[in-house]
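See below for the structure under consideration.
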Amino acid sequence: LVAIRNAYAETVMSVPHYEDEYNDTYERSLAEEFTPELAVALTREPTLRERSRSSLLTKTTEAIRRREEFLERLEAESASVSRARE
Numbered sequence: 005l006v007a008i009r010n011a012y013a014e015t016v017m018s019v020p021h022y023e024d025e026y027n028d029t030y031e032r033s034l035a036e037e038f039t040p041e042l043a044v045a046l047t048r049e050p051t052l053r054e055r056s057r058s059s060l061l062t063k064t065t066e067a068i069r070r071r072e073e074f075l076e077r078l079e080a081e082s083a084s085v086s087r088a089r090e
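Quick note: the working numbering has the sequence shown finishing at residue 90, numbered continuously throughout.
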């Protein structure tokens with residue numbers, strides 16, 4: 005669980021604006037990003053059970069997909085703005 009916490013802190017919670025924008029705890033962030041149940045499993049359980057592990061993998065994959073789609077939209081919008089300036 006320490007490795008999961010470290011990876012989450014080094015990625016999701018490490019963006020420069022994180023504290024100013026969200027100002028929340030690790031558990032609260034997990035609840036918002038994934039589910040409250042998964043947040044409890046990751047912060048209060050001694051080990052990660054198979055059901056929680058599966059849920060974490062699914063939710064992580066979904067989060068990555070959402071971010072990739074958002075990045076694609078941002079890049080398309082940036083290109084559109086650049087073309088409009090020309």
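All C-beta atoms in this analysis are idealised placements derived from N, C-alpha and C, irrespective of residue type, glycine included. Computed from a predicted structure; not experimentally measured.
Under a Cβ-count criterion, where at least 16 other Cβ atoms within 10 Å of its own Cβ denotes burial, should F74 be classed as buried or exposed?
-> Residue environment analysis places F74 among the exposed positions, since fewer than 16 neighbouring C-beta atoms fall within 10 angstroms of its C-beta.
Can you give me the Cβ contacts of A45 inside the same chain, cut-off strictly under 6 Å, excluding the 5 residues immediately before and after it?
-> Around A45: S56.
Top-ranked residue by Cα proximity to P40, from N27, P50, E23 and S59 | Considering only alpha carbons, the answer is S59.
Compute the Euclidean distance between the alpha carbons of D28 and S84, then round it to the nearest angstrom.
-> Cα-Cα distance, rounded: 35 Å.
State the CB to CB distance for the pair E25 and A43, rounded to an integer number of angstroms; the pair is presumed to be in contact (CB under 8 Å).
-> Not confirmed; about 19 Å, so no contact.
Ignore the nearest five residues each way along the sequence and tell me which others in D9's own chain have a CB closer than 7 Å to its CB.
-> The sequence given here has Arg at residue 9, not Asp. Here the set comprises Y30.
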